[in-house]
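J.: Chains as they are written, first to last, in the numbering used here: chain A, 17 to 301; chain B, 64 to 358; chain C, -19 to 310.
My questions will all concern the structure given below.
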């Protein structure tokens, strides 16, 4: 099904030597860490939504972030491509290293970060334009035009397993699609700019079960090409689609923190922490 | 399509896009500043040209003929107060009642008709309302009158009162209304004892905005209140108002009168702006309070 | 419910509660009737205005028919012939030129206020622009007459006449009070209207649209140009048309700066007249019925135009809200 072959230069982080630039603490990034969080905290004014998170997101894997609502998992996700910049009063401390470069640094170009780290939102948010124009939006920003653009759109839609469903109505409004199709279109739209990481914020929470299944299949098929981080409140979904799972919860002061992270199978069957066990077995949250 | 060919020109393309974004933002900022300049310019000039002619005597004495020193706008201040006040007395209860009706019955035919009528009324030029009131009040009576001026201002105020009140009533949490109804209180008691008090400061805001708007209307006064150089509080007599006085003084050829126009404008604009600012403060205070109530 | 209580309960208490119920329900019915009557009154006022203007202009409509709208002879003194063309032309020209000046500025300002301005600047700047909308039109007229005309309009008119005087619309001689002066004052008055509504239209666009584009690496300006402006287009159009309605009906400020001249010339630099200002100037001087009827007919025309314009504008602005609601639901 997934026929798209990408000529992508190998991501430096996939190499076994961790790219730690000079001056940074010598934390072991582990093999293939795409994103490394170092003591990341996110504040809204005085309120700390995320506290001191340090973890490694492996490249070309699906990492799920689970936890009770309000534990800051969406906030954490949004800070990774600086969508938190849009919230007045939001600020971050600590580092989020993407291939060793801190994307939270004020001097880093936010537009460039967002190109490398794409995002899919909780509710499908296609632009009220044609299906074609939605996928083409990103590539057009980067100057792709004409026949080449047609190719990119087709490749991307094929990659998103949406091509057969929409190839005859590319010029129709994206709003004419079903909710699940719209969400897969939004995933395709994110893929079209060839990001390295795709953040997904509860991508199936507003979608019916059948649509959810298609989205999950799509996520699984994309793991070879992209590093995917998915926030979900649905533990079955996390266990179905992810390789790694990070469990977050919050303190009395409502600041979210990382309890533990590990291979998905281990988190769901044999967690190290009591808090995690309580949560995955349904005794909490 | 190869990735590298698309990545290579990224750097300069990105720079170009960022510069375009900066330039556009700069232009938009310039537009915003240009849009704000007239207010500052007007205020500065009204203050500069109006303040010298201002005195306590100006507020408390009557107009004098050209060339006679002194003179003031006491008649216009009282006239504006009377026409706006009487207009408000008519417009406020009707407007609030209409707003309660529309908020409760937005989809009934009458509700839809009222909404459309309100919007239309808000868009009808005030000079046209002046014609209307001239033919229904002035012509039958055979003379211009403060009452006609009050009626016109009442009609001008109506849509403003209706709209703001309706918005504020819709902000009142339904739980509050249901709470009262569940206790067995009838609809009318719920409206008057529960919903209106909860929306009170918002309604007050609407009334203030309506007053501010009506107090500045000159055009319809030309052939309703008409103007009067003497002191009058009689609803059946022509009466002077502040905006009409500004108009008459401004288009006169006498520098003395023109400077009085500025001084009168100073009074009027202070009144209007203070009403507007207080109304806005009330609104923000109000929305915050209702917000916590809803939670 | 009360009827049931009456039947089931003990007689004495039942009659008490029944009486209270009747009284309260009676109140409810009265209350509902009162509200409905007040609402009917509002509808009646609008209908009455229309009817009144229609009936009040009968003599003029009978005498001149449609000729009234295309004839340029306004002669109340000798021949008693009335044609409204100079006023219609003046109203259309000044409103159009005012929009031409105000629209780009206001849209830019709205974009800045809603999307680009730093947070601390939005509130104060919004307040300034909203207060501009509160300034009474007679004060605009005063400012236009004594400040704007000498400092801005007249030099501008001379410059236009000097460089582009060969064009009929910039033909001399140059006057202070003129159609151009009226247009500039009108434009100033329209700025806050268009800015405020367009800003609200922008703010009503779902945040998901912005985020979607930003997450693809769009710059703020690209978001505005490619996503927000197309999304809000009909809302902006609505704002502009609403402003047009204001411009067509604006009276006092225009009357003070347009020069009140019946000449039907194409030049912007020439004094002119508008529909609203002829009514303002001559209504109390209309010494015979036909004259008054002709002025009322101008009022009727203004009423009909503003009625249509408001309906259309609100439909457009409403469609944006409806459109965004559809997207959220989808």
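Even glycine gets a Cβ: it sits at the ideal position worked out from N, Cα and C.
What's the C-alpha gap between residue 311/C and residue 230/C?
T.: Since the first residue of chain C shown is -19 and the last is 310, residue 311/C is not available in this structure.
J.: Starting from the C-beta of residue 257/A, find all residues in its chain whose C-beta is less than 8 angstroms away, skip the five residues before and the five after it, and write them out in chain order.
T.: Residue mapping note: residue 257/A aligns to position 241 of the first chain, counting from 1. Closer than 8 angstroms at the Cβ level, and outside the excluded window around residue 257/A, lie 78, 80, 232, 235, 236 and 246.
J.: In whole angstroms, what is the alpha-carbon distance linking residue 69/C and residue 209/C?
T.: By one-based count along the third chain, residue 69/C stands at place 89. By one-based count along the third chain, residue 209/C stands at place 229. Their backbone Cα atoms lie some 32 angstroms apart in a straight line.
J.: Taking its Cβ as the centre, do 16 or more other Cβ atoms sit within 10 Å of residue 197/B, making it buried, or is it exposed?
T.: If you number the second chain from 1, residue 197/B lands on position 134. Answer is buried; the Cβ neighbour count reaches 16.
J.: Under 8 angstroms: do the stretch 201 to 220 of chain C and the stretch 112 to 121 of chain C share three or more Cβ pairs, one atom per stretch?
T.: No: the two stretches stay apart, fewer than three of their Cβ pairs being nearer than 8 angstroms.
J.: The ligand ATP heavy atoms versus the CB of residue 127/C: any closer than 6 angstroms?
T.: As for the ligand ATP, it is missing from this structure, which has no ligand bound.
J.: If I follow the unbroken alpha helix (DSSP H) through residue 228/A, where does it start and stop?
T.: Sequence index remark: in the first chain, residue 228/A carries index 212 (1-based). Where residue 228/A is concerned, the enclosing alpha helix (DSSP H) stretches over 225 to 238.
J.: Is it right to say residue 141/A is buried, meaning 16 or more other beta carbons lie within 10 angstroms of its own, or is it exposed?
T.: Here the question's residue 141/A lines up with position 125 in the first chain. Buried, since its Cβ has 16 or more Cβ neighbours within 10 Å.
J.: Do we get a CB-CB distance below 7 angstroms when we pair residue 300/B with the residues of chain C?
T.: Working through the second chain from its first residue, we reach residue 300/B at position 237. With 7 angstroms as the cut-off, residue 300/B does not count as an interface residue toward chain C.
J.: Which of the three DSSP states is assigned to residue 306/B in this structure?
T.: By 1-based counting over the second chain, the position of residue 306/B is 243. Helix, per DSSP.
J.: Please classify residue 263/A: does DSSP put it in a helix, a strand, or coil?
T.: The residue given as residue 263/A occupies position 247 in the first chain. Residue state, collapsed to three classes: strand.
J.: Tell me, which residues are paired with residue 111/A by DSSP?
T.: If you number the first chain from 1, residue 111/A lands on position 95. Answer is 54/A, bridged to residue 111/A.
J.: When you compare only the Cα positions, how much space is there between residue 252/A and residue 184/A?
T.: On the first chain, residue 252/A is found 236 positions in, with the first residue counted as 1. On the first chain, residue 184/A is found 168 positions in, with the first residue counted as 1. For residue 252/A and residue 184/A, the distance between alpha carbons rounds to 35 angstroms.
J.: Assuming residue 190/B contacts residue 256/C under a Cβ cut-off of 8 angstroms, what Cβ separation, rounded to an integer in Å, is found between them?
T.: Within the second chain, residue 190/B is the residue found at index 127, counting from 1. Within the third chain, residue 256/C is the residue found at index 276, counting from 1. About 5 angstroms separates the two Cβ atoms, so the contact holds.
J.: Could you tell me the alpha carbon to alpha carbon distance between residue 177/B and residue 91/A, rounded to whole angstroms?
T.: By 1-based counting over the second chain, the position of residue 177/B is 114. By 1-based counting over the first chain, the position of residue 91/A is 75. Each residue's Cα considered, the two are about 45 angstroms apart.
J.: Can you pull the chain D residues whose beta carbon is under 7 angstroms from the beta carbon of residue 111/C, in chain order?
T.: Checking the listed chains, one finds no chain D in this structure; the protein chains it contains are A, B and C.
J.: Kindly indicate which residue of 187/B, 261/B and 317/B has the alpha-carbon position closest to the one of residue 222/C.
T.: Residue numbering aside, residue 222/C sits at position 242 when the third chain is read from its first letter. Among 187/B, 261/B and 317/B, the Cα nearest to that of residue 222/C is on 187/B.
J.: Starting from residue 191/C, find everything on chain B with Cβ-Cβ shorter than 8 angstroms and list it in chain order.
T.: Start at 1 with the first residue of the third chain, and residue 191/C comes out as number 211. Those within 8 angstroms of residue 191/C in chain B number zero; the least Cβ separation is about 17 angstroms.
J.: With distance defined between alpha-carbon atoms, name the residue in 51/A, 66/A and 52/A nearest to residue 58/A.
T.: For this step, residue 58/A is matched to residue 42 along the first chain. Nearest option by C-alpha distance: 66/A.
J.: Taking the runs of the beta strand (DSSP E) that are 3 residues or longer, which of them lie wholly in the stretch 128 to 173 of chain A?
T.: 133 to 136, all fully within the stretch 128 to 173 of chain A.
J.: Pull the bridge partners of residue 74/A from the DSSP assignment, please.
T.: Locating residue 74/A in the first chain gives position 58, counting from the first residue. Answer is 49/A, bridged to residue 74/A.
J.: For residue 117/A, name the three-state secondary structure that DSSP assigns.
T.: Stepping through the first chain from its first residue, residue 117/A is reached at position 101. Strand, per DSSP.
J.: For residue 211/B, which residues from the same chain have a beta carbon less than 6 angstroms from its beta carbon, with the 5 sequence-adjacent residues on both sides left out?
T.: Translated into the one-based positions of the second chain, residue 211/B becomes position 148. So the list reads 196, 200, 201 and 287, once near-sequence residues are dropped.
J.: Which residues mark the beginning and the end of the alpha helix (DSSP H) in which residue 230/B is found?
T.: Here residue 230/B is taken as the residue at index 167 of the second chain, counted from 1. Element bounds for residue 230/B: 209 to 234.
J.: Identify the residues that DSSP records as bridge partners of residue 54/C: which are they?
T.: The count along the third chain starts at 1 and reaches residue 54/C at position 74. Bridge partners of residue 54/C: 62/C.
J.: Using Cβ-Cβ distances below 9 angstroms, what residues of the stretch 177 to 190 of chain C are close to chain A?
T.: Cβ contacts with chain A: 186, 187, 188, 189 and 190.
J.: Just the Cα atoms here: how many angstroms apart are residue 32/C and residue 170/B?
T.: Residue mapping note: residue 32/C aligns to position 52 of the third chain, counting from 1. Residue mapping note: residue 170/B aligns to position 107 of the second chain, counting from 1. Between residue 32/C and residue 170/B, the C-alpha separation is close to 29 angstroms.
J.: Go ahead and pull the three-state DSSP assignment for residue 147/C.
T.: Locating residue 147/C in the third chain gives position 167, where the first residue counts as 1. Three-state result, residue 147/C: coil.
J.: Show which residues of chain C have a CB atom less than 9 angstroms away from the CB atom of residue 216/A.
T.: Taking the first chain and counting its residues from 1, the one referred to as residue 216/A is at position 200. Result: empty, since nearest Cβ-Cβ is about 11 angstroms, beyond 9 angstroms.
J.: For the putative contact between residue 134/B and residue 304/B, defined by C-beta atoms under 8 angstroms, what is the C-beta separation to the nearest angstrom?
T.: Looking up residue 134/B in the second chain gives position 71. Looking up residue 304/B in the second chain gives position 241. In fact, because the Cβ distance is near 17 angstroms, the residues do not count as touching under 8 angstroms.
J.: Buried or exposed for residue 202/A, going by 16 or more other Cβ atoms inside 10 Å?
T.: Reading the first chain from its first residue, position 186 is the one you call residue 202/A. Residue 202/A should be labelled buried.
J.: What is the C-beta distance between residue 249/C and residue 158/C, in whole angstroms, given that I count them as a contact (C-beta under 8 angstroms)?
T.: Your numbering for residue 249/C matches position 269 in the third chain. Your numbering for residue 158/C matches position 178 in the third chain. That belief holds up - the Cβ atoms of residue 249/C and residue 158/C are roughly 5 angstroms apart, short of 8 angstroms.
J.: Among the residues of its own chain, which have a CB less than 6 angstroms from the CB of residue 298/C, if the five just before and after it don't count?
T.: The count along the third chain starts at 1 and reaches residue 298/C at position 318. The answer is none, since no qualifying residue turns up.
J.: Run through chain A and tell me which residues come within less than 8 angstroms of residue 77/B, C-beta to C-beta.
T.: In the second chain, counting from the first residue as 1, residue 77/B sits at position 14. Chain A residues near residue 77/B: 125, 127 and 128.
J.: Kindly indicate the opening and closing residues of the beta strand (DSSP E) around residue 216/A.
T.: Counted from its first residue, the first chain places residue 216/A at position 200. 213 to 217 is the extent of the beta strand (DSSP E) around residue 216/A.
J.: Do residue 155/A and residue 168/A come within 7 angstroms of each other at the CB atom, strictly closer than that value?
T.: On the first chain, residue 168/A is found 152 positions in, with the first residue counted as 1. On the first chain, residue 155/A is found 139 positions in, with the first residue counted as 1. Taking 7 angstroms as the Cβ cut-off, residue 168/A and residue 155/A qualify as a contacting pair.
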